[in-house]
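See structure below.
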Amino acid sequence: MLLSSLCPTIQTFLLSGGDVCFGICNCVQEKMWFDYIYETEVKLNFDVHGIGQHGIELDIGGTDIVDLSDVICNNQIKVSKLWFWLNYKLDMRPFERCSQGTVMQNILDLELSSFYLARIPNFVHTLTKLEWLSFVFENITEIYANDFRGLTELKVLYLYNNLITTIHPHAFDTNTKLRELYLHNNMLTHVPDSVLNLNLEKFTMDAIDCTCSNLQNLKQVNATFVDSIQCLDMTQSAKNALDACP
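Heads up: take any position in the sequence shown, counting from 1, add 129, and you land on the working numbering.
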């Protein structure tokens, strides 16, 4: 399947399951819409060379695609959104190699999910225009000080369904515009100090044991944030537990 031979004015491309197009395949108002039957038993290899010539949003999941270097390393195009999920064979090396190129430097939304990554890739902190970032269903155990340093435009960060036990105290120092942080389904036992100075509007993490030792770092945090923290027994709010601490 040669994607570059499709509509010459593609703005949004959604590919899911690697299967057969059965729905609307027409160019309408400079957009192309695809519907794909999702069958987990059917996996095809797609020739993606050339799609980046006109596509500005790529949402690709559940395929056997291996090489996207012709898109990621193409300095003649701008891609604002790259979502890759359940593409187990995708070669990650072009992301690092071409991180300073036109495509990667203009990305606003990036998702790399279900690649079993052990840590945040080194190139991420160089993508200074990022506003939305997702690394979910990975094997990430720790967030380091420089993982997101320099992402001054970042507003939404998804890190749920990992194995995170530790977040560096300065992990989010430069992410002053961050408003949504999702940390649930990890292995955190207390609220990380690094999130307390953020002006978050949405924050999720697993319920913690609301002991005074676990809640000490919340004393200077606004009540709205504290009320979003759940206790393991689910019968009393963190605010009430904190009030009872000396």
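We put the beta carbon where it would ideally sit given N, CA and C, even for glycine.
Since we're looking at a predicted model, the values are computed, not measured.
- The segment 237-322 is shown to contain whole beta strand (DSSP E) runs of 3 or more residues at 238-242, 261-263, 285-287, 309-311, in chain order.
- Between residue 262 and residue 243, the CB-CB gap reaches or exceeds 8 angstroms.
- The Cβ atoms of residue 337 and residue 316 do not sit closer than 8 angstroms to each other.
- The continuous alpha helix (DSSP H) containing residue 353 extends over residues 352-356.
- Under the three-state reduction of DSSP, residue 189 is assigned to strand.
- Residue burial is scored here from C-beta neighbours: residue 321 has at least 16 other C-beta atoms within 10 angstroms and is therefore classed as buried.
- Counting the other CB atoms within 10 Å of its CB gives residue 223 a total of 16 or more, which places it among the buried residues.
- In the DSSP assignment, residue 231 falls within the unbroken alpha helix (DSSP H) covering 231-234.
- With respect to the C-alpha of residue 272, the residue from 374, 280, 249, 255 having the closest C-alpha is 249.
- In the three-state reduction of the DSSP assignment, residue 337 falls in the strand class.
- For residue 211, the secondary structure class from DSSP, reduced to helix, strand or coil, is strand.
- From the listed residues 340, 334, 304, the smallest Cα separation to residue 313 is found for 334.
- In the three-state DSSP reduction, residue 331 falls in the strand class (E or B).
- With respect to residue 308, residue 288 sits apart: the two C-beta atoms are not nearer than 8 angstroms.
- Here residue 241 is buried, its C-beta having at least 16 other C-beta atoms within 10 Å.
- If the five residues before and after residue 281 are omitted, its C-beta is found closer than 8 angstroms to the C-beta atoms of 257, 303, 304, 305, 306, all from its own chain and listed in chain order.
- Boundaries of the alpha helix (DSSP H) around residue 371: 367-372.
- Across the set 245, 278, 265, the C-alpha of 278 shows the shortest separation from the C-alpha of residue 251.
- Contact between residue 323 and residue 354 is absent: CB atoms are separated by about 13 angstroms, not below the 8 angstroms threshold.
- Between residue 371 and residue 344, the CB-CB gap stays under 8 angstroms.
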